[in-house]
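Residue numbers (this note's numbering): 9 to 114.
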């Protein structure tokens with residue numbers, strides 16, 4: 009949620025942005041120990057593109073996802089479809105050279 013800044017706050021932010029890093033007083037902020045960075049990593053840059061679609065789903069399916077979803081039922085439906093897709097892809101990639109498929113254990 010973005011907070012609307014008043015004129016004074018916008019002016020303070022503009023002044024901070026105009027300052028060089030070494031001009032900003034950070035004496036009251038403790039330095040982070042090097043050990044804090046031992047397990048640090050940058051998050052992946054992958055963010056799937058989204059496309060809005062219209063599809064017909066059974067009412068009971070929609071009701072179930074709405075009831076069991078914390079982050080929004082459409083997000084949960086997408087997550088469920090992605091899991092199904094990845095399981096299918098894993099099975100397809102495990103086919104042997106002679107064309108028989110080795111079933112993945114579930």
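Glycine included, every Cβ here is placed at the ideal spot set by N, Cα and C.
First through last residue of the alpha helix (DSSP H) which encompasses residue i
i, result
"residue 72", "67-76"
"residue 98", "81-101"
"residue 26", "15-26"
Neighbourhood of residue i by C-beta, 6 Å cutoff - its chain only, sequence neighbours within 5 removed
i, result
"residue 84", "73, 77"
"residue 37", "none"
Selected residue, minimal CA-CA separation from residue i, among the options
i, options, result
"residue 67", "61, 75, 60", "75"
"residue 65", "81, 50, 52", "81"
"residue 86", "51, 14, 59, 96", "59"
Cutoff 8 Å; reference residue i; Cβ partners in own chain excluding five residues on either side
i, result
"residue 9", "Annotation note: pLDDT 47 at residue 9 (below 50); position unreliable, coordinate value reported separately. Contacts found: none."
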